[in-house]
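Below: the structure, in structure tokens.
There are 2 protein chains.
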Amino acid sequence: MRMSKLFGRPSKTEGTDYEVDSHRLLVQAGFVRESTAGRYFMLPLGIAVHSKITQVVRRHMNEAEAQEIVTPVLHPLELWEETNRTTTAGFELMKVKDRREASFALGGTAEEMAVDLVRKFNLSYKDLPFHIYQFSMKFRDEIRARGGLLRVREFVMKDGYSFSTEEQFKDIYDGMRDTYSAIFTELGLPTDVVAADNGYIGGEYCHEFVSPSAIGESRYFIDEKSGYAAHEDVAKFKADSPNADEKELPMKTVHAERSKTMKAGVEFHGLEEWRQIKDVLFVDEPTDRYLLVIIRGDLDVNETKLMQVAKAFGLRAATPEEVIHDLGSMPGFISPVGIAKEGKTSGRKLIIVADQSLKNVKNMYGGANKKHEDLLNINYGRDYTPDIEGDVGMAQPGMLSPEGGKLVEKRGIEVGNIFQLGYHYTKLMSGAEYTDAEGKRQPYYMGCYGIGIGRTMAAIVEAHHDDRGIVWPEGVAPYAVEVVRLGAEDDVRAAADALYERLGKAGVEVLYDDRDESAGKKFADADLIGVPVRLTVSKRTLEHKQVEFKRRSEAGIKLVDLAGIEKAL
Amino acid sequence: MRMSKLFGRPSKTEGTDYEVDSHRLLVQAGFVRESTAGRYFMLPLGIAVHSKITQVVRRHMNEAEAQEIVTPVLHPLELWEETNRTTTAGFELMKVKDRREASFALGGTAEEMAVDLVRKFNLSYKDLPFHIYQFSMKFRDEIRARGGLLRVREFVMKDGYSFSTEEQFKDIYDGMRDTYSAIFTELGLPTDVVAADNGYIGGEYCHEFVSPSAIGESRYFIDEKSGYAAHEDVAKFKADSPNADEKELPMKTVHAERSKTMKAGVEFHGLEEWRQIKDVLFVDEPTDRYLLVIIRGDLDVNETKLMQVAKAFGLRAATPEEVIHDLGSMPGFISPVGIAKEGKTSGRKLIIVADQSLKNVKNMYGGANKKHEDLLNINYGRDYTPDIEGDVGMAQPGMLSPEGGKLVEKRGIEVGNIFQLGYHYTKLMSGAEYTDAEGKRQPYYMGCYGIGIGRTMAAIVEAHHDDRGIVWPEGVAPYAVEVVRLGAEDDVRAAADALYERLGKAGVEVLYDDRDESAGKKFADADLIGVPVRLTVSKRTLEHKQVEFKRRSEAGIKLVDLAGIEKAL
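Chains A and B, in that order, give the protein sequences. The numbering of the first sequence is this note's numbering, which starts it at 1364 and goes up by one. The numbering of the second sequence is this note's numbering, which starts it at 1364 and goes up by one.
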């Protein structure tokens, strides 16, 4: 490609409102342009990279025996009604009606479409397992679309869906984890495989592929010794047992003229923070329950874990009104000991959810459900019994992982995710069944596997750039080589033209800066675009029948004989 | 690919409601499945063909120096408002609002998006000409979506837009005509390049690429001697001059107690049909005019030509009310001679549009704007003068083309089209300008170039099938070879497996029917899918270390040595 003819050339002055480097670089180097917020044009350089990423993903998916399909972009809305996802998909669903008043969703994911397709076929256990995937445009009506290709409202996603028995699923899942790791490695984008929350579907099979980056929105913990990695929402940790040997003392009530904070409790009683019981009172509207969550004073409640443990769907903090008038307790003095198990006026049930760490602490202290009254020497099991016990604590840097190593906090960009869908969709959508060996109809067990192509492109730029521009890894670079002609003399022109033609014929993808611009401008543009190898042809290099050879990723420049360039590449 | 694992296998009994063969074959052979009317899933076999077509188109477009981009699927509606196309795009536009109440169009074409992209760049005459194209999903809210992939509501279209000066345009257009012909030739789909109507944009640069087919919706005429080919909407013809030597006789009024038809006129006066003046009275609502169209009695009015000649936008037939009370004439007796040039009560202007053929006929006859009164010996120029004269006649089979050969009627499937956009969009969309050599801002001159990928796929099937199934041309076949194993004996199994592996390693795309089905079922499925070469491995063929070799397009079967298969392919 001749730069003089390229549609979308670099422009270092384009735009100013950039939050992240990949956004600025992809726009200024001429890979993408914004249409409206969160919707991008791909320019020719962008298409080149996007296609290469797509091809790598496709090849690996095919090697893993997944089969490519495409679903329509407009999903019949009744499919989303079958799964109750028209309002609860986790992203705002865009809807459209056609002239016949038929309603459609602009798909943000395609579980329903995949299931609807599969149930059209009368398949048997002999057909299992199988995995279908597609590359298609997905829509997310994000409130906030900033950060270039990292948070968009429209993007190409590779989404795949596996159909199997429950027994077959583990192997498929492990295989896809390997496939994804291989994909990102080949793309030059190292990722951490991070355990994540699977929302209302739950289960242990849910991982994000996260490219470490300070600007990433995923916060996670990693125990580098064991390889344990988990999203902050689900990260587990070992809490210590600070006073395991202490004898349980008799509980007693004391007057406590203190304010509502944890700190006030510590100071008033002169006791350790870990010994204090932290109470958080939620209302789970969808199930109409109070959830009284209790945890060690030095730990925080992780709401995602709480939702899983308590099977809750929509938490809000209880109001002081509710604490005082409905439950007869007092904000800042709530206690699991003796609290009403049902709202006086609301009739709403109250469930006590205790973090697992409480079992390891003796003689705790905290409120007594009355203003300015505290209890000392509260003991789990003796003085109160939780309805649910589980892990609802938030991991912190420096804590020990379940494997024993220290948890280190990391941030990164989620570029892919894999997770079980289980029977969720196939039980909601009638007919999503295969015939088993006994001739009985059984629902499919499903998994889901996604990669955002544009986001991967941006993450590669975040991982591979310097202050002058992008430094594309070879596998995804828009061109393998950029030939730069310096000087407008006929012989230089002829030599550069000839080199461009020659490499093209040899099958090398070449970008050729044939413009009449200054050396400074051409080198700056070359650095901005980030083609891996730059070959400079000038009067000076031609004196010895040579060209300047420079790798974008290295500082050094060497002279290479014109005749030997193919070898040097 | 092992057929036992293929998602979407042939099923001869699937569905019944098929109007065309390509629909039935593509569904039953397992290439596509309907989601809702006019929206299709592509299955793995379909994806294979669709990708091959896409790749052929892409390669030719790139060779023609067009550059690939992608626009967002959701087009900001304000762009369509800039060009007044929200209600007049020629197809029903689907609209959608996001959560911020921003409106978008689901693009049916992308002229506005292409212009909006280009005007973001500050380009000069040195950048011209350039051509950008994309493959993307297009939406058409068709009232009637039947015929499988031939008439859909959602489809992948390659749409390209050239930007140039007006002078440069002709070469670009001719180049694209050649590129398109080369594309369809390589796809195994011969097309006629048919002149077509360019709607309100007009101009001579407008052609459809039509694959001849009896089920096609495009009706066109071709003069096979000269190669002249034109859509029925625009086909030109030479009308004869049946009585050029006749002397002009004095016009006279006669009583004519006849009914309103042309036939009644012929019978009443005992004169030739071609001598009668046929009058058709339209109202063009957008310009608020009566159009009195007059033509030889043996010819019909072509409304598309009429719209172009009279620069009309929305024709309807005038009502008897309007004829009688507003114009003071009489249905069946309307005449250009003495008709009111303005509606009495409406004030609407009346324009007389005469077909060019009228000039060549002397002493015509027809109504006198009064009930049961006719005029004889009406002569063009002497007795009436049209406001507009032009070609508004409908060609008929057997007429002579402008080049002198006989017009033959054909039908076909439009698979591509190319046409000028001229300055239409760039004058409506502010800022769509480049800087010329004098530093002045000039609007771009545009051309538009489209190919429907799915429709091309269906047209290929229409052109290449028999009563047993599809017969794919080699360049677009989903697989190059199908290996069929007959019999379940271990040695047959091993030999067939080995052949499948061996060909795959040699880079041949192989479909392998490894199922335990009958020979009849396997052969029928192979014929239905239509892979170009079938290799059958059985106990019998293996006795002589051979396989059966059969081309899908030929009846003959031969035996080929196992060792020599690569050579035979």
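No residue lacks a Cβ here, since even glycine has one placed at the ideal position from N, Cα and C.
> How many angstroms separate the CA atom of B/Thr1682 from the CA atom of B/Gln1671?
Replying inline: When rounded, the distance between both Cα atoms is 23 angstroms.
>> Nearest by alpha-carbon distance to B/Asp1854: which of B/Gly1810, B/Leu1905 and B/Gly1551 is it?
In response: Among B/Gly1810, B/Leu1905 and B/Gly1551, the Cα nearest to that of B/Asp1854 is on B/Leu1905.
> Does DSSP put A/His1632 in a helix, in a strand, or in coil?
Replying inline: In this structure, A/His1632 counts as helix in the three-state DSSP scheme.
> Buried or exposed: which applies to B/Asp1608, given that a residue is buried once 16 or more other Cβ atoms fall within 10 Å of its Cβ?
Replying inline: Classified as exposed, B/Asp1608 has fewer than 16 neighbouring CB atoms from the shown chains inside 10 Å of its CB.
> From this set, B/Ala1889, B/Met1792, B/Pro1841 and B/Asp1829, which residue's C-alpha is nearest B/Asn1447's C-alpha?
Replying inline: Ranking B/Ala1889, B/Met1792, B/Pro1841 and B/Asp1829 by CA distance to the CA of B/Asn1447 puts B/Met1792 first.
>> Can you pull out the residues from the stretch 1373-1401 of chain A whose beta carbon lies closer than 7 angstroms to at least one beta carbon of chain B?
In response: Correct list: Arg1396, Ser1398 and Thr1399.
> Count the other CB atoms within 10 Å of the CB of B/Ile1649; is the residue buried (16 or more) or exposed (fewer)?
Replying inline: The identity of residue 1649 of chain B in the sequence shown is Pro, whereas the question assumes Ile. With fewer than 16 other Cβ atoms inside 10 Å of its own Cβ, B/Pro1649 counts as exposed.
> Using a C-beta to C-beta distance shorter than 8 angstroms, which residues of chain B count as neighbours of A/Tyr1403?
Replying inline: For A/Tyr1403, the C-beta contacts it makes with chain B under 8 angstroms involve Pro1435, in order along the chain.
> Hey, is B/Val1459's beta-carbon within less than 7 angstroms of any beta-carbon in chain A?
Replying inline: Look at B/Val1459: its C-beta is under 7 angstroms from a C-beta on chain A.
>> Assess contact between the stretch 1538-1557 of chain B and the stretch 1571-1583 of chain B, defined as three or more Cβ pairs (one per stretch) separated by less than 8 angstroms. Is contact present?
In response: Yes: the two stretches touch, three or more of their Cβ pairs being nearer than 8 angstroms.
> chain A beta carbons: is any one of them nearer than 7 angstroms to that of B/Pro1439?
Replying inline: With 7 angstroms as the cut-off, B/Pro1439 counts as an interface residue toward chain A.
> Relative to the alpha-carbon of A/Val1617, which residue among A/Asn1740, A/Tyr1524 and A/Ala1931 has its alpha-carbon at the smallest distance?
Replying inline: The shortest C-alpha to C-alpha distance from A/Val1617 to any of A/Asn1740, A/Tyr1524 and A/Ala1931 is the one to A/Asn1740.
> For the stretch 1469-1481 of chain B, which residues have a CB atom closer than 9 angstroms to at least one CB atom of chain A, in sequence order?
Replying inline: Residues Leu1469, Met1476, Asp1479, Leu1480 and Val1481.
>> Taking 7 angstroms as the threshold (C-beta atoms), are A/Val1390 and A/Glu1377 in contact?
In response: A contact, by the Cβ cut-off of 7 angstroms.
> Since B/Leu1406 meets chain A, which of its residues come closer than 7 angstroms, beta carbon to beta carbon?
Replying inline: The CB of B/Leu1406 comes closer than 7 angstroms to the CB of Ile1432 in chain A, given here in chain order.
>> Between which residues of its own chain and A/Ser1901 is the CB-CB distance below 7 angstroms, once the five residues before and five after are set aside?
In response: Excluding sequence neighbours, A/Ser1901 sits near Leu1849, Gly1850 and Val1855.
>> By alpha-carbon positions, which one of B/Leu1408, B/Glu1611, B/His1494 and B/Arg1804 ends up nearest to A/Val1433?
In response: Of the listed residues, the one whose Cα sits closest to A/Val1433 is B/Leu1408.
> Taking DSSP as the reference, what is the three-state secondary structure of A/Ser1367?
Replying inline: Helix, per DSSP.
>> Between B/His1386 and B/Gly1510, how many whole angstroms is the CB-CB distance? I'm expecting something under 8 angstroms.
In response: Their Cβ separation, rounded to whole angstroms, is 6 angstroms, which keeps B/His1386 and B/Gly1510 in contact under 8 angstroms.
>> Just verifying my parser: in three-state terms, what is the DSSP assignment at A/Val1597?
In response: Coil, per DSSP.
> Roughly how many whole angstroms lie between the Cα atoms of A/Tyr1728 and A/Glu1620?
Replying inline: Between A/Tyr1728 and A/Glu1620, the C-alpha separation is close to 15 angstroms.
>> Tell me the DSSP secondary structure of A/Gly1701 in three-state form.
In response: For A/Gly1701, the secondary structure class from DSSP, reduced to helix, strand or coil, is coil.
> Taking the DSSP output, what are the residues bridged to B/Phe1782?
Replying inline: The partner list for B/Phe1782 (beta bridge, DSSP) reads B/Cys1569 and B/Cys1811.
> Does DSSP classify A/Ile1657 as helix, strand or coil?
Replying inline: The DSSP-derived three-state label of A/Ile1657 is strand.
> Over what stretch of residues does the alpha helix (DSSP H) that includes A/Ile1714 continue unbroken?
Replying inline: Segment Lys1712 to Asp1718 is the beta strand (DSSP E) holding A/Ile1714; no alpha helix (DSSP H) there.
> In terms of alpha-carbon separation, which member of A/Asp1877, A/Met1364 and A/Asp1603 lies closest to A/Val1724?
Replying inline: With respect to the C-alpha of A/Val1724, the residue from A/Asp1877, A/Met1364 and A/Asp1603 having the closest C-alpha is A/Asp1603.
> Buried or exposed: which applies to B/Leu1922, given that a residue is buried once 16 or more other Cβ atoms fall within 10 Å of its Cβ?
Replying inline: When all chains shown are included, B/Leu1922 counts as exposed.
> Mind checking B/Cys1418: buried by the 16 CB within 10 Å criterion, or exposed?
Replying inline: Reading the sequence as shown, one finds Gln at residue 1418 of chain B and not Cys. Exposed is the call here.
>> Give me the chain B residues within the contact set of A/Arg1462, using Cβ-Cβ distance strictly less than 8 angstroms, ordered along the chain.
In response: Ordered by position in chain B, the residues that pass the 8 angstroms Cβ test against A/Arg1462 are Glu1455, Asp1504 and Ile1506.
> By the criterion of Cβ-Cβ separation under 7 angstroms, what are the contact partners of B/Lys1902 in chain A?
Replying inline: Simply none; closest approach about 24 angstroms.
> Residues of chain B with CB under 7 angstroms from A/Met1500, in chain order?
Replying inline: Under the 7 angstroms cutoff, chain B gives Val1436 and Met1500.
> Are three or more beta carbon pairs between the stretch 1864-1874 of chain B and the stretch 1825-1844 of chain B nearer than 8 angstroms?
Replying inline: Yes, the stretch 1864-1874 of chain B touches the stretch 1825-1844 of chain B.
>> Check whether the stretch 1693-1711 of chain B and the stretch 1636-1651 of chain B touch, using three or more Cβ-Cβ pairs below 8 angstroms as the test.
In response: Per the Cβ contact rule, the stretch 1693-1711 of chain B is in contact with the stretch 1636-1651 of chain B (3 or more Cβ pairs under 8 angstroms).
> Would DSSP call A/Gln1759 helix, strand or coil?
Replying inline: Secondary structure at A/Gln1759: coil, using DSSP grouped into helix, strand and coil.
> Whose C-beta lies closer than 8 angstroms to the C-beta of B/Ala1822 among residues of the same chain, with five residues either side of it excluded?
Replying inline: Cβ within range, chain order: Ser1385, Leu1513, Leu1552, Ser1574, Ser1576, Ile1776 and Val1778.
> Taking 7 angstroms as the CB-CB cut-off, is A/Phe1370 touching chain B?
Replying inline: Flagged as an interface residue toward chain B: A/Phe1370, by a C-beta distance shorter than 7 angstroms.
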